[in-house]
Every structure is written in structure tokens, then in C-alpha cells.
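Scroll down for the structure; my scribbles are underneath it.
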Amino acid sequence: MIRDQIRQIVTKAVASAQSSGNLPQIEFPPVEIERPNQPDHGDYSSNFALLAASAIKKASGRKANPRQLAQSIVDNIPADEMVGSVELAGPGFINFRLNQGWLQQSVLSIIDQGACFGAIDRGKGQRWQVEYVSANPTGPLHYGGGRNAVLGDALANVLEAAGYDVQREFYVNDGGSQIQLFIESLYACYLQLCEKLDGAPVRNVEIPDGAYQGAYLHDYARLVREQVGDRLAHLEPAEAREALRDIGREIVVTDIRDELAAMGVTFDRWFSEKSLYDEGLVDRLLKELSEKGEVIKRDGAHWFLASKYPGNEKDEVVVRSSGAPTYFASDIAYHYDKFVRRRFDRVVNVWAVDHQGHVPRMGAIMRALDLDPERLTILLYNLVKLIREGQEVKMSKRSGDFLTVREVVEEVGPDAMRFMLLTTSPESGIEFDMSLAVQRKNENRVFYVQYGHARICSLLQRAADSGHRNPEALPEDASEVVNLLTDPAELALIRRMLEMEEQIELAVERLSPHNLTYYAEDLTKTFSVFYENCQVLHSDVPQPLARARLLLILAARTALSRVLSLMGMSAPQEM
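Each step along the sequence shown adds one to the number in the UniProt record's numbering, with nothing skipped, and position 164 is 164.
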């Protein structure tokens with residue numbers, strides 16, 4: 001990254017100044033490089049001299065002048081093609097301006113990188129897993145789960161762009177009491193459907209307390225009947241429910257998979273909670289933890305002694321007195337599988353904020369399994385409020401049930417949904433205005449950004465139609481041509497595009513890609529300023545300059561397409 005290169009330049013200058021005796025031989029703090037708050041102060045700035053003065057006073061008791069220290073560093077900065085000028089400012093800041101010729105040549109580098117533009121190697125050699133959505137397979141996804149899907153998917157995108165080897169996983173909660181209740185509800189609905197179609201009672205079945213009753217359940221029952229006819233209606237209830245378990249699970253998982261695919265979300269693996277029980281891993285680990293004194297029997301139940309670990313005030317039940325395991329029991333086995341068996345270096349679980357009470361116990365179980373708790377990050381996201389025409393929307397107009405992800409995608413489109421659900425940091429709530437999301441005006445942030453890309457594509461097409469050389473076939477003199485890009489608006493656009501690496505790194509550092517939505521808008525706005533100030537296809541524009549600007553436009557398309565791709569959105573060529 002540019003910032004890292006400048007950091008290395010300053011670090012070398014400090015070492016050189018120490019070798020020549022201009023700086024004392026003490027241990028200085030790491031060099032920090034930031035972007036100045038005011039563009040007039042350059043492209044990058046370092047406050048190292050101020051920090052060095054404090055270090056000198058601490059080490060020797062001698063007061064040092066930060067500005068003089070900064071001058072000693074500047075005097076030792078080696079020549080670099082990327083750096084245009086270095087200036088002292090204020091009490092000892094060192095400001096860097098990028099070389100104009102280097103900026104101009106960066107246009108060709110952006111084009112050459114294409115869909116990989118902005119990639120960094122921060123995560124090289126590290127295997128990460130992002131687990132997200134992970135809903136119970138008991139029905140379609142609630143619209144609030146859309147934020148989980150978008151956040152996890154975009155995070156995986158930026159992690160891959162940062163060089164990490166990333167696996168995307170959906171944990172299918174098919175081993176607990178909710179799946180059993182769902183199967184009982186589906187069975188009752190299936191019997192009612194068989195009776196209705198066959199015209200005669202099949203079997204009396206009691207609807208369980210708290211049964212699932214959404215309209216979608218009738219759709220699932222019809223799918224069951226299409227697969228097996230009325231065969232299950234003639235089996236004993238226990239046998240029928242057991243046969244229905246795999247059928248019902250597959251129907252719901254397929255429904256969820258299709259729902260997520262409609263918004264561009266896919267997974268590398270769908271991991272079954274039930275499989276942890278089937279292979280005996282849950283029982284094995286609980287036995288091992290009992291032998292280590294981490295799990296004890298009390299009041300007829302089995303308890304994990306979470307309270308012995310930081311942040312936990314109470315112990316957690318892993319097996320109820322009835323003998324039924326809790327979700328926490330399978331969580332233990334699942335994370336053992338992630339870290340010990342599959343050996344992920346880091347795991348990020350994306351959870352809704354209403355699960356925040358479970359976070360400390362996950363750290364406790366990591367310690368109990370002799371794993372570093374820092375390797376597990378629970379990324380909590382806040383709730384989503386849907387707004388339509390100024391009113392909050394909670395229920396589906398179609399079914400009267402909860403509003404699903406599929407219905408929101410059908411109403412506003414996958415790109416609008418993804419963008420709007422990424423506009424704030426995970427810990428902040430979101431008001432998603434569905435009425436605004438479908439309007440074709442600049443106040444609609446999704447439309448503004450995507451229209452910006454479509455306009456770029458239109459300009460390139462108009463250039464081709466008017467006889468201009470195809471900029472995608474880089475001319476032999478491209479390196480000379482781009483040196484004509486000297487207008488402040490042109491250089492500002494290049495600088496904005498070169499922020500891509502830092503935006504990717506920022507998203508990784510925060511484990512939140514919400515900054516990409518603002519960067520996409522800033523990039524679109526900067527392109528608009530360029531286009532307003534710099535003619536491209538006008539007859540008065542000299543051909544070499546027109547070619548240079550077309551190359552700049554092609555680079556802008558590359559950059560804007562890249563950031564849209566990182567957010568999981570399409571880059572339309574026309575709108």
C-alpha cells in the first residue's frame with residue numbers, strides 16, 4: 001500500500017539519521033502515517049518527530065525540538081519515484097505529496113489490475129472462516145436476517161481482497177428443539193392437506209403448543225406431498241415424523257438457499273449441527289471436559305463452569321436434567337471442529353445483537369478447550385427497521401406473516417438491499433427506506449452510485465461510436481499519453497481511486513465493510529466533478545488529451561466496478 005511504502009521511507013530515514021548521529025541511538029516508537037485533515041497539507045503526513053521528541057526526553061531527560069528532529073529525518077529521506085515533495089509543517093509534522101508523474105502512470109496500473117484492483121497481502125497465509133446467517137431451518141428468512149447475510153458476505157469479500165484464504169459457512173441448526181417443533185408442525189399441516197385432498201380423515205393429530213403456523217408451512221406441506229404422496233399419513237406418527245425430518249429439513253434449506261442466492265449470497269459449506277451428534281463428537285467433548293473438571297453434574301443437569309472465566313458471572317447448562325442437550329453443547333463441538341479439526345487461524349461469527357449475552361461464554365469455552373479466545377470474533381449487528389412511505393413495515397402484505405428476505409428483494413432489488421444494509425457500522429441500527437430505494441434520483445444512494453458506473457460505460461461506448469480508439473486496447477504510447485492528465489480534477493480522481501487499498505484495509509481492521517458505501521459515493525462524486533470540468537469527446541479537445549482522459553475514464557470504471565463487487569453488487573452498463 002502507498003501508506004506502507006511511505007512508512008518504510010520514513011523508517012529508513014530515521015535509521016539513516018541515527019547512523020549519521022543526527023538522531024540518538026534509542027528505541028523510537030513505530031512510524032505512523034496518516035492522511036492530513038486538510039488536502040493543502042499534502043497526501044500523507046507523519047507526526048513521528050513529535051513522538052520521537054517525547055521518547056528522547058523519556059530516555060535521557062533532555063528536551064528535543066520536534067521540528068529540528070523532523071528536519072533531520074527529511075534530510076535523510078531517500079529519493080523515491082512515488083514521492084513528489086516532502087515538507088515540514090507546524091511543530092514538526094512531515095507532509096508528503098505524491099509525484100504527479102507517478103500518479104499519472106497509476107492510471108495504467110489500475111487498468112492493468114482490473115477486477116483485482118486494490119488487493120493487498122495483509123492476510124497472506126492465513127485461513128479464516130466467516131460464519132453467517134445460520135438460521136434455524138424452520139421457515140423462510142426474516143428480513144432482519146438479510147443484514148446478517150449482507151454483512152457476512154461483504155466481509156468475506158474484503159477479507160479475500162486482503163489476501164486471506166476465506167471459507168464462508170452456514171451453520172444449519174438442525175439438532176435442537178426448534179427443528180423438532182417444526183417437524184411436528186409440518187406433520188400436522190401435511191395430514192390436514194392429505195385429508196383435504198383425499199376427502200376423508202386420515203389420522204387425528206394434536207397441534208403442538210407453540211407450533212409454527214405461518215402460511216409458508218402449507219407451501220412446505222404441499223412440497224412434501226409432491227415428493228411422497230400420502231404415504232407418511234399411513235405410518236405411525238413417530239415413524240412418520242422421523243421420515244419427515246430429512247425431507248422437511250431439505251425443503252427449508254433449499255428455500256433458504258434460493259432466498260439467499262436471490263441477493264447474491266452463497267456459501268462454501270452448509271454445516272449440519274445434527275452431524276455433531278450423529279458422529280458422537282458432542283458426547284465425547286462433554287466427557288473430556290467433565291474429566292478436566294470443566295463440566296460438573298448439579299441438580300440433575302450438567303453444567304459448564306463458565307463462571308471461572310473472565311466476563312462470565314454464571315455457569316451454563318449443557319445437558320438439561322431431562323437429558324436433552326442445550327444449544328451450547330453443540331456450540332462447544334462446533335467450535336472444536338472449526339479450530340482443532342479444520343484448523344482455521346481465525347473465525348468470525350456474525351450474530352444478531354440479541355445474542356450478545358452469549359459472547360462471554362464463547363470466550364470461556366475457547367479457554368476450556370485450550371484455545372486462544374482472540375482467534376474467535378463475535379461480530380454483533382443491530383436491528384433493521386423497514387420503512388415504506390414513512391411507516392414502519394413488519395408484516396407481509398401477501399401472507400400476513402413476518403416479512404421475508406425474498407419479499408424485500410422482490411420489492412427493491414438485491415443491489416438496493418445490499419447497499420442499504422451496509423451503510424452503517426454493525427453496532428448501529430438501520431432504517432431502511434424501501435420507498436426511497438426504488439426511486440431513480442440522486443438522493444437514492446444506490447441509484448447514484450450505480451448510475452455513475454452506467455454513465456461511465458455510456459461515455460466509453462459513445463467514444464467508440466464516434467471513432468475514438470478503444471481505450472481498453474492500451475496504445476503503445478499510453479505511458480506518454482497519460483502524462484497529459486494535469487488538470488486538478490483529473491489528479492483528484494486518480495488520488496480518489498488510489499484510496500482503494502486503504503479502504504479495503506480499513507474494512508478488515510474494523511471487520512465492517514460499511515466504509516465501502518461512502519467510498520463508492522465519494523468516487524462517483526469525484527468522477528462527476530472531473531467530467532464537469534474536463535471535456536472528453538468535444539471536437540475542441542486535442543486527440544492525445546481525449547485519449548488520455550478516456551484511459552482515465554476506463555480506470556474509473558475499473559475502480560467503481562471493483563468497489564461494487566466488494567459489496568456484492570452488480571455494476572450495470574446501462575440504467
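The beta carbon of each residue, even a glycine, is placed where N, CA and C say it ideally should be.
Just verifying my parser: in three-state terms, what is the DSSP assignment at GLN391? Here GLN391 sits in strand by DSSP.
Boundaries of the beta strand (DSSP E) in which PHE304 is found, first to last residue: Note, PHE304: beta strand (DSSP E), 301-304.
Segment limits, beta strand (DSSP E) that includes SER321: Going by DSSP, SER321 is part of no beta strand (DSSP E) at all; its letter is neither H nor E.
Below 8 Å, can you find three or more Cβ-Cβ pairs linking the segment 542-562 to the segment 492-502? By the C-beta criterion, the segment 542-562 is judged to be in contact with the segment 492-502, since at least 3 inter-stretch pairs fall below 8 Å.
Would ASN157 be called buried (16 or more neighbouring beta carbons within 10 Å of its own) or exposed? It is buried - the Cβ of ASN157 has at least 16 other Cβ atoms within 10 Å.
May I ask which residues mark the beginning and end of the beta strand (DSSP E) holding GLU27? That residue, GLU27, is in no beta strand (DSSP E); it is neither H nor E in DSSP.
What residue ranges within the segment 79-142 form continuous beta strand (DSSP E) runs of no fewer than 3 residues, ordered along the chain? With a minimum length of 3 residues, the continuous beta strand (DSSP E) runs that stay inside the segment 79-142 are 83-89, 93-98, 127-131.
Check whether the segment 304-318 touches the segment 359-374, counting contact only when three or more Cβ pairs, one atom from each stretch, lie closer than 8 Å. By the Cβ rule, the segment 304-318 counts as touching the segment 359-374, because three or more pairs are nearer than 8 Å.
C-beta atoms of VAL408 and GLN104 nearer than 8 Å: With contacts defined as CB atoms closer than 8 Å, VAL408 and GLN104 fail to qualify as a contacting pair.
Who are the near neighbours of ALA507 in its chain, counting only those whose CB is closer than 7 Å to its CB and skipping five residues on each side? Excluding positions up to five away in sequence, the list reads VAL158, PRO513, ASN515, LEU516.
Alpha helix (DSSP H) runs wholly inside the segment 145-175, at least 4 long, in chain order: List check, alpha helix (DSSP H) in window: 145-161.
Less than 8 Å separating the beta-carbons of SER428 and ASN382? Yes, these two residues count as a Cβ contact at 8 Å.
For ARG547, count neighbouring Cβ atoms within 10 angstroms of its own Cβ and tell me buried if that reaches 16, exposed if not. With 16 or more Cβ atoms within 10 Å of its Cβ, ARG547 is classed as buried.
SER45 vs VAL172 beta-carbon contact at 8 Å: Taking 8 Å as the Cβ cut-off, SER45 and VAL172 do not qualify as a contacting pair.
Taking all protein chains shown into account, do 16 or more other C-beta atoms lie within 10 angstroms of the C-beta of MET434, making it buried, or fewer, making it exposed? Classification of MET434: buried, given that the 10 Å Cβ count is 16 or more.
Answer yes or no: do VAL133 and LEU155 have a C-beta to C-beta separation smaller than 8 Å? No.
Where are the beta strand (DSSP E) runs, 3 residues long or more, that stay fully inside the segment 407-432, in chain order? You should have found no qualifying run.
Starting from LYS297, follow its DSSP beta bridges and name the residues at the other end. In the DSSP assignment, the residues bridged to LYS297 are HIS302.
What did DSSP end up calling PHE271 once you bin it into helix, strand or coil? Of the three classes helix, strand and coil, the one that applies to PHE271 here is strand, per DSSP.
Can you have a look at TYR336 and say buried or exposed, based on whether 16 or more other CB atoms are within 10 angstroms of its CB? When all chains shown are included, TYR336 counts as buried.
In whole angstroms, give me the CA-to-CA distance for residue 611 and ASP268. Because the chain here runs from 1 to 575, residue 611 falls outside it and cannot be looked at.
Between ALA64 and the rest of its own chain, which residues show a CB-CB distance below 8 Å, the 5 nearest in sequence each way excluded? Excluding sequence positions up to five before and after ALA64, its CB lies within less than 8 Å of the CB of ALA52, ALA53, ILE56, LYS57, all in the same chain and listed in chain order.
Based on Cα-Cα distance, which residue from GLU226, PHE182, LEU244, ARG231 lies nearest to GLY214? It is PHE182 whose Cα lies nearest to the Cα of GLY214.
SER45, enclosing beta strand (DSSP E) - first and last residue: Judged by DSSP secondary structure, SER45 falls within the beta strand (DSSP E) whose first and last residues are 44-46.
With 16 other CB atoms within 10 Å as the buried threshold, where does MET263 fall? Result: buried.
Can you check whether the CB of LYS441 is closer than 8 Å to the CB of PHE432? Pairing PHE432 with LYS441 gives a Cβ-Cβ distance that is not under 8 Å.
Closest to GLN178 by CA distance: which of GLN192, LEU193, ASP209, PHE170 is it? Minimum Cα distance to GLN178 is reached at ASP209.
I believe GLN100 touches LEU491 by the beta-carbon criterion, under 8 Å. Please report the beta-carbon distance rounded to the nearest angstrom. Right, the Cβ-Cβ distance comes to about 7 Å (below 8 Å), so this counts as a contact.
Are the CB atoms of VAL295 and VAL265 nearer to each other than 8 Å? Contact flag unset, no.
If residue 586 and TYR164 are in contact, beta carbons under 8 Å, what's the gap, nearest whole angstrom? Since the first residue of the chain shown is 1 and the last is 575, residue 586 is not available in this structure.
Using only the alpha-carbon positions, how far apart do LEU305 and LYS314 sit? Taking the straight line from one Cα to the other gives about 8 Å.
So the candidates are MET575, GLN503, TYR531; which of them puts its Cα closest to the Cα of MET1? Comparing Cα-Cα distances from MET1 to each of MET575, GLN503, TYR531, the minimum goes to GLN503.
Give a yes or no on whether 8 Å exceeds the smallest Cβ distance from GLY123 to chain B. As a matter of chain content, chain B is missing from the structure shown, which is built from one protein chain.
Give the DSSP-derived three-state secondary structure of ILE504 in the structure shown. Per DSSP, reduced to three states, the secondary structure at ILE504 is helical.
Going by C-alpha to C-alpha distance, which of ARG35, LEU460, GLN18 sits closest to ARG7? When only C-alpha atoms are compared, the closest one is ARG35.
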